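Undergrad: In my numbering, the protein residues as written are 88 to 195.
(1) Determine whether the beta carbon atoms of residue 141 and residue 179 lie at a separation below 8 Å.
(2) Using only the alpha-carbon positions, how far apart do residue 104 and residue 91 sit?
(3) Can you tell me the Cα-Cα spacing of residue 175 and residue 184, whole angstroms?
(4) If we count the other Cβ atoms within 10 Å of its Cβ and call it buried at 16 or more, is residue 122 buried or exposed?
(5) So, helix, strand or coil for residue 172, using DSSP?
(6) What are the complete beta strand (DSSP E) segments, minimum 3 residues, inside the region 95 to 151?
(7) What is the rounded straight-line gap between the Cα of residue 119 and the Cα of residue 170?
(8) Please report the distance separating the alpha-carbon of residue 101 from that of residue 146.
(9) Work out the CA separation of residue 158 and residue 130 for me, nearest whole Å.
(10) Please go through the same chain and pick out, in chain order, the residues whose beta-carbon is closer than 6 Å to the beta-carbon of residue 107, but skip the five residues on each side of it.
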């Protein structure tokens, strides 16, 4: 039986900046897409490229439910969640792309 993984994640553009909550089945690829500006829309418009928080799930429905739940939170609750695990607002994906943007992660 194949095990699948899904993630919810929170991005920002700077400390105390705009927040975005998303869900994906490939966190590294999705963050690469955000950082490369490959996804038109809100995240590209606001330059949301810094990964502040993520959670992993084995069930896609639970991941989507959690994404919807977090999107329903006010900003203060999201900030509290982020700051419990990442008080310095470090980009958690910094080391993922140390050689620049990995071309193997480009979407077809």
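In this text, a Cβ means the ideal position worked out from N, Cα and C, and glycines have one as well.
Bear in mind the structure is a predicted one, so any value in this text is a computation, not a measurement.
TA: Concretely, from the data shown:
(1) Yes, the Cβ-Cβ distance between residue 141 and residue 179 is below 8 Å.
(2) 32 Å
(3) 20 Å
(4) buried
(5) Collapsing the DSSP output to three states places residue 172 in a helix.
(6) 106 to 111 and 137 to 144
(7) 23 Å
(8) 31 Å
(9) 15 Å
(10) 98, 130 and 135
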